[in-house]
Amino acid sequence: MTDGVNLHWAMTGEGGAPVVLVHGSWGDHHGWDLVVPALSRSSRVLAYDRRGHSRSPRPAGQGSVREDVDDLATLIGRLGLAPAHVVGNSFGGVIVLRLAATRPDLFRTLIVHEPPLLGLLDAPADRAALAAARERVRAVLALLEEGRMGDGARLFHHLVHAPGRFRPIGGALSEGGRRTARDHPSRDAGDHWTTGSARCRTSSAARREAGRGRDPDVGPIGQVRAAAGGARHRPRWR
């Protein structure tokens with residue numbers, strides 16, 4: 043793939059416009075297992091492990107968001123999926139937005155779910171909540187900087203999911219996922235929390251919609267929600 047890194051990916055389904063799924067931090071392509079079966083009934087669906095996550099090799103150093111963006115562009119291009127419905131969750135949403143800013147030709151629709159672009163939410167009513175959220179993020183980053191990777195991962199899951207959720211989530215992770223949480227956590231920090239591309243290259247209308255928690259172009263998001271709501275188990279879709 044990019045820079046000699048071969049990414050692990052899985053494709054399923056036939057017909058229809060392609061759907062590309064980009065996972066967030068400390069996850070892998072199995073994060074989409076509950077929605078892939080429904081989506082693949084009408085579309086080709088691609089999910090992959092980002093570099094340094096699960097079955098995709100971890101390059102030397104911490105990596106950067108630019109490498110993730112290049113990887114996504116290369117996957118879409120080499121697999122002949124453009125233009126595609128591209129869905130990004132959490133930090134995966136940041137990757138998707140940055141790619142859309144420079145390569146809109148790769149996209150049919152753009153869907154982002156809870157991207158950590160807190161700078162877009164700057165209404166006075168939001169500022170107190172945002173300040174509190176930033177303090178919680180700083181607490182996670184402080185643990186990582188101290189080398190307390192497991193504690194940082196545990197606190198991260200406590201904040202974004204619910205108290206006590208880290209154990210079942212951790213139990214479901216592959217060895218690669220646990221390695222990522224332990225050894226490779228800060229690649230999703232630093233410049234990854236910026237909003238430069240999203241702020242400068244997307245329309246003001248799209249930014250307003252993002253600020254309200256809605257997607258400017260929903261594409262097949264209804265199918266994603268329906269599939270997630272109806273699923274009760276983790277299927278084997280590969």
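Mind the numbering: the sequence shown is residues 43 to 280 in our numbering, read in order. Backbone N, C-alpha and C fix where the C-beta goes; we use that ideal spot for every residue, glycine too. All figures in this text were calculated on a predicted structure; none of them were measured in a lab.
Assuming the contact rule is C-beta atoms closer than 8 Å, residue i and residue j should be a hit. Round their C-beta distance to whole Å, please.
{"i": "A115", "j": "L148", "result": "6 Å"}
{"i": "A59", "j": "A142", "result": "That belief does not hold up - the Cβ atoms of A59 and A142 are roughly 16 Å apart, past 8 Å."}
{"i": "L49", "j": "D110", "result": "That pair is no contact at about 10 Å."}
{"i": "V136", "j": "L159", "result": "7 Å"}
{"i": "L192", "j": "L186", "result": "The question names Leu, but residue 192 is Gly in the sequence shown. Their Cβ separation, rounded to whole angstroms, is 10 Å, which puts G192 and L186 out of contact at 8 Å."}
{"i": "V129", "j": "V61", "result": "7 Å"}
{"i": "S85", "j": "G55", "result": "5 Å"}
{"i": "V281", "j": "L197", "result": "Nothing can be reported for residue 281, as the shown portion of the chain is limited to 43 through 280."}
{"i": "G66", "j": "G134", "result": "5 Å"}
Quick check on residue i: buried or exposed, where buried means 16 or more other Cβ atoms within 10 Å of its Cβ?
{"i": "R176", "result": "exposed"}
{"i": "G46", "result": "exposed"}
{"i": "R140", "result": "buried"}
{"i": "P146", "result": "exposed"}
{"i": "D91", "result": "buried"}
{"i": "R93", "result": "buried"}
{"i": "P157", "result": "buried"}
{"i": "G122", "result": "exposed"}
{"i": "A167", "result": "exposed"}
{"i": "G69", "result": "buried"}
{"i": "G73", "result": "buried"}
{"i": "A174", "result": "exposed"}
{"i": "A80", "result": "buried"}
Can you tell me where the beta strand (DSSP E) with residue i in it begins and where it stops?
{"i": "A52", "result": "51-54"}
{"i": "V64", "result": "61-64"}
From what residue to what residue does the alpha helix (DSSP H) around residue i run?
{"i": "A124", "result": "Premise fails: A124 is in no alpha helix (DSSP H) and is neither H nor E."}
{"i": "A89", "result": "Unbroken run through A89 is the beta strand (DSSP E), 87-90; no alpha helix (DSSP H)."}
{"i": "D75", "result": "Segment: none, D75 is in no alpha helix (DSSP H) and carries neither H nor E."}
{"i": "G69", "result": "It is not in any alpha helix (DSSP H) - G69 carries neither H nor E in the DSSP assignment."}
{"i": "A173", "result": "169-187"}
{"i": "L162", "result": "No alpha helix (DSSP H) holds L162; DSSP gives it neither H nor E."}
{"i": "R196", "result": "191-202"}
Of all the options the options, which has the alpha carbon lying nearest to the alpha carbon of residue i?
{"i": "A89", "options": "A80, M53, G119", "result": "M53"}
{"i": "H95", "options": "G194, H71, V78", "result": "H71"}
{"i": "R180", "options": "P166, A167, L201, L162", "result": "L201"}
{"i": "I118", "options": "R150, P166, L76, L183", "result": "R150"}
{"i": "N131", "options": "V77, A184, R100", "result": "V77"}
{"i": "R120", "options": "H199, R190, W51", "result": "W51"}
{"i": "S82", "options": "G57, A184, G189", "result": "G57"}
{"i": "R108", "options": "T144, D75, A170", "result": "T144"}
Taking DSSP's pairing of strands, which residues face residue i in a bridge?
{"i": "I153", "result": "V129"}
How about residue i: is its C-beta nearer than 8 Å to some C-beta of chain D?
{"i": "R92", "result": "The question asks about chain D, but that chain is absent: this structure has only one protein chain."}
Flag residue i as yes when its Cβ comes closer than 7 Å to any non-hydrogen atom of the ligand ATP, and as no otherwise.
{"i": "A80", "result": "Ligands in the displayed structure: none, and consequently the ligand ATP is not present."}
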